[in-house]
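*Asks:* Chains as they are written, first to last, in our numbering: chain V, 26 to 499; chain A, 30 to 229.
Even for Gly, the Cβ is constructed at its ideal location relative to N, Cα and C.
Predicted, not measured: the structure shown is a model, and the values here were computed from it.
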Ligand code: SF4
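1) Using a Cβ-Cβ distance under 8 Å, would residue 459 (chain V) count as near chain A?
2) Classify residue 93 (chain A): buried if its beta carbon has 16 or more other beta carbons within 10 angstroms, exposed otherwise.
3) For the alpha helix (DSSP H) containing residue 240 (chain V), list its first residue and its last residue.
4) In angstroms with no decimal places, state the Cα-to-Cα distance between residue 74 (chain V) and residue 114 (chain A).
5) Using the C-alpha atoms, what's the distance from residue 322 (chain V) back to residue 229 (chain V)?
6) What are the uninterrupted segments assigned as alpha helix (DSSP H) that are 4 or more residues long and contained completely in the segment 149-237 of chain V, given in chain order?
7) What whole-angstrom Cβ distance do residue 189 (chain A) and residue 178 (chain A) have, given they're in contact under 8 Å?
8) For residue 181 (chain A), which beta-bridge partners are listed by DSSP?
9) Name, in chain order, the residues that DSSP records as bridge partners for residue 375 (chain V).
10) CA-CA distance, residue 499 (chain V) and residue 50 (chain V)?
11) Just to confirm, is the Cβ distance from residue 371 (chain V) to residue 403 (chain V) under 8 Å?
12) Could you work out which residues of chain A lie near residue 82 (chain V), taking near to mean beta carbons separated by less than 8 Å?
13) Where residue 326 (chain V) and residue 190 (chain V) are concerned, what is the direct C-alpha to C-alpha distance, given to the nearest angstrom?
14) Could you give the first and the last residue of the continuous alpha helix (DSSP H) run that contains residue 125 (chain A)?
15) Assuming residue 41 (chain A) and residue 116 (chain A) form a contact by the criterion Cβ under 8 Å, report the distance between their Cβ atoms to the nearest whole angstrom.
16) Is residue 456 (chain V) close to the ligand SF4? I mean its beta-carbon at under 7 Å from any heavy atom of the ligand.
17) Could you tell me whether any Cβ in chain A is nearer than 8 Å to the Cβ of residue 58 (chain V)?
18) Please state whether the Cβ-Cβ distance between residue 172 (chain V) and residue 103 (chain A) is less than 8 Å.
19) Just the C-alpha distance for residue 140 (chain A) and residue 424 (chain V), rounded to the nearest angstrom, thanks.
20) Going along chain V in order, which residues have a C-beta closer than 8 Å to the C-beta of residue 209 (chain A)?
21) Throw me the rounded Cβ distance for the residue 211 (chain V) and residue 246 (chain V) pair, which I believe falls under 8 Å.
22) Anyone know if the C-beta pair for residue 401 (chain V) and residue 427 (chain V) falls short of 8 Å?
23) Is there contact here, the segment 327-342 of chain V with the segment 356-370 of chain V, by at least three beta-carbon pairs under 8 Å?
24) Nearest-angstrom Cα distance between residue 315 (chain V) and residue 492 (chain V)?
25) How many angstroms separate the CA atom of residue 170 (chain V) from the CA atom of residue 213 (chain V)?
26) Assuming contact is defined by CB atoms lying nearer than 8 Å, are residue 116 (chain V) and residue 68 (chain V) in contact in what I supplied?
27) When the cut-off is 8 Å and only beta carbons count, does residue 112 (chain V) lie next to chain A?
28) I'd like to know whether the C-beta of residue 169 (chain A) is nearer than 8 Å to at least one C-beta of chain V.
29) Under the assumption that residue 313 (chain V) contacts residue 490 (chain V) (Cβ atoms under 8 Å), give the Cβ distance between them as a whole number of angstroms.
30) So, does the CB of residue 150 (chain A) fall closer than 8 Å to a CB anywhere in chain V?
31) Compute the distance between the beta-carbons of residue 445 (chain V) and residue 433 (chain V), then report whether it is under 8 Å.
32) Determine the chain A residues that contact residue 403 (chain V) at a beta-carbon separation under 9 Å, and present them in chain order.
33) Contact criterion: CB-CB distance below 8 Å. Does residue 155 (chain A) meet it with respect to chain V?
34) Against residue 6 (chain V), what residues of chain A qualify as contacts under a CB-to-CB distance less than 9 Å, listed in chain order?
35) At which residues does the beta strand (DSSP E) containing residue 491 (chain V) begin and terminate?
36) Looking only at its chain, what residues have a beta carbon closer than 6 Å to the beta carbon of residue 320 (chain V), apart from the 5 residues adjacent to it on each side?
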């Protein structure tokens, strides 16, 4: 009998090329995804060193961060954005890399495009110069966010130097209550384990809840692994994974499909394999969760009050609560529910997929965005946009008073025209609530699930979607 | 490509207090609209250093007495957030050669090491001792001895830790992995042949 192994170990071993002098592993990266923000400097370094791209056919590009979602025609109003667009086009043409440019109809946020095209597959290694690369782990891939110098390394050698990670299994067992979503699961996990609780780990998510989750829900959770400090996050591949991949443009077909499924299955963690840590969470204990502070671990359930620094156990905790409340302009010990919002943002690589818009549209029909609230709905990819439009969801959002936009990162990070102004407070389905994240140095972000964003949009306040939309009765 | 062997960094230091200083704080995203890293140093910590009208906010990096510091001291979970190398690049382009903090976010740590910026971890109380010394006398010479894993300053010393793989890479001048990775290319090709999804 061979020793049982985790998916992480199996994928690592299948891709380990050799041990480097410093003890790290030269790890083969099967799939390299690039976008306009972090790759231009890497191509510059490549040129300086006179190197070529080792496997252009395993490198895929898209444009997401800087694209305006309200302007389709080039040149873009922002010349810097246009320059980044041009640079990516030039680099892809020169090095023979597939680019899902806007004209292809397949452009979108890199973490939405990879899965959608069937490029993201189980048992593979993936790297991208973007921290939310962990999203791809939903397929049982080991996926790393990397820096620009490492992008250069992967371009030049299709490998990177990396130390092996530990694996923490996180079981979420039982059933989620109505109105509780994948987003709440990951906000809860980060709240419990902390924003750096995952340092040195890959998170393996499993248990009843993940077994039942769709691929899109798994992606939402894996996406935010990095917010919990984990270097990667994944779910073991199963029938849900294979069903999602079947028939996608880059999925194997015919006889190759059957072989691929057999191979993919073999990567799933073996029963009884070793985990460096195991955490078990009861699904029923998870409530709709919202952040109150300036990192994604500062979350509470919608029924709770924002913390009071006076109650903090440690000095450190007290000062971080004080800092967060001062920035968020929230008063200690007050309920988060009822806090007035200015902007509602639905989108991002966390929650910008078809199912996110479908779920919201189901409840939003016939409702109106509250007066004074700016609400935008931004599909994560052109394909998601098209799917939504075919189903008439764009109408539902527009009728409710949301602006329906073109695909991109939009207000998740403010490298495009979608930005908060002054100290506006945004109910956001994205993944980061850092100071200034959404474009204004004093702008404020409350992270939540898409349906909670819709509830905030229609009431103009942080609200419990279960009450606003009578979710329990549906 | 011969790389410098970074066994120590000597210079003046500046203490930027706070935990969870994230990469958006280090370099706000709007400054990442660039196709080279040149010029990022100017925008380091921009939004906590500058008012909207361009005037200075109170911040250690704005204080003339700490100008020219090459060692950055900070709190816990430094560099959390994005994988953007723009953050360590901004730190390096601003003139910093080393960082000492309670601990570091994973990707940030790796990015720094690859750029030859040692990231040393130390106990909070010890960082506070260094901070107190430079507060009393900003001209204090601070030595981060990567090899010996200690910081020496004004006749005192504290123990720090530089993770073994990073220490080896820095001290032996192999912090930029590209040369070694390129040497491995034949082995990469044979490894790739065993993985059907990599077929052209
Ligand atoms: S949607 Fe936000 S988190 Fe996702 S890739 Fe774009 S900027 Fe990054």
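*Replies:* Reading it off the structure:
1) yes
2) exposed
3) 240-248
4) 19 Å
5) 19 Å
6) 173-182, 207-218 and 233-237
7) 5 Å
8) A:172 and A:186
9) DSSP, once it has assigned bridges, lists no residue as partnering residue 375 (chain V).
10) Any answer about residue 499 (chain V) is weak, because its pLDDT of 49 lies below 50 and its placement is not dependable; what the coordinates show is given next. Taking the straight line joining both Cα atoms gives about 51 Å.
11) yes
12) 229
13) 31 Å
14) No alpha helix (DSSP H) contains residue 125 (chain A), which DSSP labels as neither H nor E.
15) With a Cβ gap of about 22 Å, residue 41 (chain A) and residue 116 (chain A) do not count as contacting.
16) yes
17) no
18) no
19) 46 Å
20) 45, 46, 51 and 186
21) 5 Å
22) yes
23) yes
24) 15 Å
25) 22 Å
26) yes
27) yes
28) no
29) 6 Å
30) no
31) no
32) Here the premise fails: no neighbours, minimum Cβ distance about 16 Å.
33) no
34) Outside the shown range of chain V (26 to 499) lies residue 6 (chain V), about which nothing can therefore be said.
35) Per DSSP, residue 491 (chain V) belongs to no beta strand (DSSP E); it is in the alpha helix (DSSP H), 490-493.
36) 220
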